[in-house]
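Using our numbering, you'd call the opening residue of the sequence shown number 3 and step up by one each time. The beta-carbon is built from N, C-alpha and C at its ideal position, and this holds for glycine as well. One structure is given below, encoded as structure tokens.
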Amino acid sequence: MKKIRFSWLDVQESAANCLEKIKEQNITFEAVVSLGRGGAIPAGFIAYQLGKKLEYINYSRKNGYGGSSLKHFEKNTRFLLVDDATETGKSFEDVKNIFPEYEFVTCVLFQSEKSSYLPDICGFIYPPFKPLLPWENKR
């Protein structure tokens with residue numbers, strides 16, 4: 003599969019698009035949640051910009067669920083769940099199934115146009131290529 007490398011400028015612009023949509027739609031939530039390692043950088047940036055708490059879910063499609071920092075929140079708490087890129091959206095669906103007691107607004111910086119899953123907030127839609135982010139060393 004052909005690869006597309008996103009730059010730090012692409013990340014910054016996509017995160018700004020996400021922030022703008024969150025503010026325009028007046029989306030409210032208790033905290034920003036990073037989905038796995040990939041979501042850590044964009045979730046941290048978004049949480050900082052919005053003055054929100056940052057929480058973490060240790061999850062990957064390859065390794066499954068490995069824990070979270072959500073245990074201290076009450077049922078029905080609403081979170082902004084952030085990931086860097088999604089090709090299928092399956093990770094978002096899996097997390098929603100792992101945590102049915104919470105409500106998640108999904109946010110992704112880069113969304114594949116071939117994905118059947120539509121996140122609530124999307125910074126940028128890309129053609130059907132394998133995305134590579136600046137923090138990934140894969141070639």
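With the cut-off set at 7 Å, would you say residue i and residue j are in Cβ contact?
i: residue 111; j: residue 44; result: yes
i: residue 86; j: residue 41; result: yes
i: residue 108; j: residue 121; result: yes
i: residue 6; j: residue 131; result: yes
Just the Cα atoms here: how many angstroms apart are residue i and residue j?
i: residue 75; j: residue 105; result: 11 Å
i: residue 23; j: residue 126; result: 12 Å
i: residue 73; j: residue 89; result: 28 Å
i: residue 8; j: residue 136; result: 6 Å
i: residue 15; j: residue 78; result: 31 Å
i: residue 25; j: residue 55; result: 17 Å
In this structure, does DSSP put residue i in helix, strand or coil?
i: residue 100; result: helix
i: residue 207; result: Residue 207 is absent from the model: the chain starts at 3 and stops at 141.
i: residue 26; result: helix
i: residue 92; result: helix
Would you list the residues sitting across from residue i in a DSSP beta bridge?
i: residue 67; result: 61
Considering only residues of the same chain and omitting the five flanking positions on each side of residue i, which have a CB-CB separation below 7 Å?
i: residue 124; result: 110 and 113
i: residue 19; result: 125 and 126
i: residue 37; result: 59, 61, 83, 84, 85, 93 and 97
i: residue 71; result: 57 and 58
i: residue 95; result: 119
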